[in-house]
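As numbered in my numbering, residues 7 to 258 make up the sequence shown, in order.
Think of the CB as a built atom: it goes at the ideal place given N, C-alpha and C, for glycine as much as any other residue.
Here the structure is a predicted model, which is why all the values come from computation and not from measurement.
So the structure is just underneath, and the comments pick up after that.
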Amino acid sequence: PALRHYGSTIAVETHEEITSFEVLELIEDVGDDVVSAALDTANVTSRGEDPVAAARRLGPAIRQLHAKDCLFLRNEKGLVRNIRPAGDGVLDFSAIAAIVAENSPDALWNVEDHMGEMFIEYKDEAWRAAHPDLQMDEIAALERMADASAQKIASGAITAPDVYEKIPYEMMCIPRIERCAPSWRAEGGELCPARASARSEHGREQDVYRRRGEIADAREQQRRGIRAHVEQWERHRCERRRGMLAYGAARQ
Numbered sequence: 007p008a009l010r011h012y013g014s015t016i017a018v019e020t021h022e023e024i025t026s027f028e029v030l031e032l033i034e035d036v037g038d039d040v041v042s043a044a045l046d047t048a049n050v051t052s053r054g055e056d057p058v059a060a061a062r063r064l065g066p067a068i069r070q071l072h073a074k075d076c077l078f079l080r081n082e083k084g085l086v087r088n089i090r091p092a093g094d095g096v097l098d099f100s101a102i103a104a105i106v107a108e109n110s111p112d113a114l115w116n117v118e119d120h121m122g123e124m125f126i127e128y129k130d131e132a133w134r135a136a137h138p139d140l141q142m143d144e145i146a147a148l149e150r151m152a153d154a155s156a157q158k159i160a161s162g163a164i165t166a167p168d169v170y171e172k173i174p175y176e177m178m179c180i181p182r183i184e185r186c187a188p189s190w191r192a193e194g195g196e197l198c199p200a201r202a203s204a205r206s207e208h209g210r211e212q213d214v215y216r217r218r219g220e221i222a223d224a225r226e227q228q229r230r231g232i233r234a235h236v237e238q239w240e241r242h243r244c245e246r247r248r249g250m251l252a253y254g255a256a257r258q
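Here is the structure:
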């Protein structure tokens, strides 16, 4: 009632603990005038869903989209999902964009990025029982993506997860976002980088050089922040050490 009173809506994200089926059911129960969907392209895979199928299923209910990519590795219980920057994994963003453009042309696109792995244990009976909406044709689509992931890793196009996940995120967060492209938009069924300028070629080049300078400045600020944190920790450690020595001397 409060949302309707103020003319507001809420977009429920397809997070890692809820399926697109459940989000759609919630929208149908409450009303699409106040509840919509925020489709996270990588999160739905953790529940055994194909992002393209999830986009088609939610259709006009999508009001926000989190563009996030991933790889898949096979294991004895099913698949392991490994998060990658948008465009750096195996998800079919062109197909997703075409569906969103047709059904929800005003949807807001966000690039989301983080690291981490999650297990899709569809070979486990208990896991399948907890996912009554599980579609085996969508699992088959994820398995094909796992094959594509293995090919990209074997070719050296991308770093294997066992190496990649050991790198601290704070050391590569800016390069990851840079790889995602800062803004995306659906156009003609394609997922394309939104151009910062429609001016002349020279003007676009100037935009690129300016952005490179902004990224370099941000990286330097990040390095300074890390150095300041380390220096503060070292000072704290030295002060603590001096305090312990003073305490030991006083007891003697």
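Straight-line gap, residue i to residue j (C-alpha atoms, nearest Å)
| i | j | result |
| --- | --- | --- |
| L30 | P57 | 15 Å |
| M177 | N49 | 24 Å |
| C76 | I89 | 4 Å |
| A59 | D46 | 13 Å |
| I16 | L32 | 12 Å |
| A256 | E245 | 16 Å |
| A320 | A234 | There is simply no residue 320 to check, as the chain begins at 7 and stops at 258 in what is shown. |
| E94 | P7 | With the sequence shown as reference, residue 94 is identified as Asp, and Glu is not the correct amino acid for it. If you take the alpha carbons of D94 and P7, they lie about 42 Å apart. |
| D153 | V96 | 10 Å |
| K141 | R241 | In the sequence on display, residue 141 carries Gln and not Lys. Rounded to whole angstroms, Q141 to R241 spans 56 Å at the Cα level. |
| E55 | A135 | 15 Å |
Rounded distance between the beta-carbons of residue j and residue i, thought under 8 Å
| i | j | result |
| --- | --- | --- |
| R80 | H137 | Actually they do not touch by this definition, with Cβ atoms about 19 Å apart. |
| K74 | D139 | Not a contact, Cβ separation roughly 21 Å. |
Contact under 8 Å by Cβ, residue i with residue j
| i | j | result |
| --- | --- | --- |
| R63 | S110 | no |
| A166 | I159 | yes |
| E171 | E123 | yes |
| F99 | L148 | no |
| R182 | P91 | yes |
| L71 | W133 | no |
| R69 | A113 | yes |
| A61 | V106 | yes |
| F125 | V169 | no |
| D130 | K83 | yes |
Where in the stretch 82 to 161 do unbroken runs of the alpha helix (DSSP H), each at least 4 residues long, occur, reported from the N-terminal end onward? 99 to 109, 131 to 135 and 142 to 161
Pick out the complete beta strand (DSSP E) segments inside the stretch 16 to 46, 3 residues or longer, and give them in chain order. 16 to 19 and 41 to 46
In the stretch 56 to 83, which residue ranges form an unbroken beta strand (DSSP E) of at least 3 residues, counting only runs that do not cross its ends? 68 to 73 and 75 to 81
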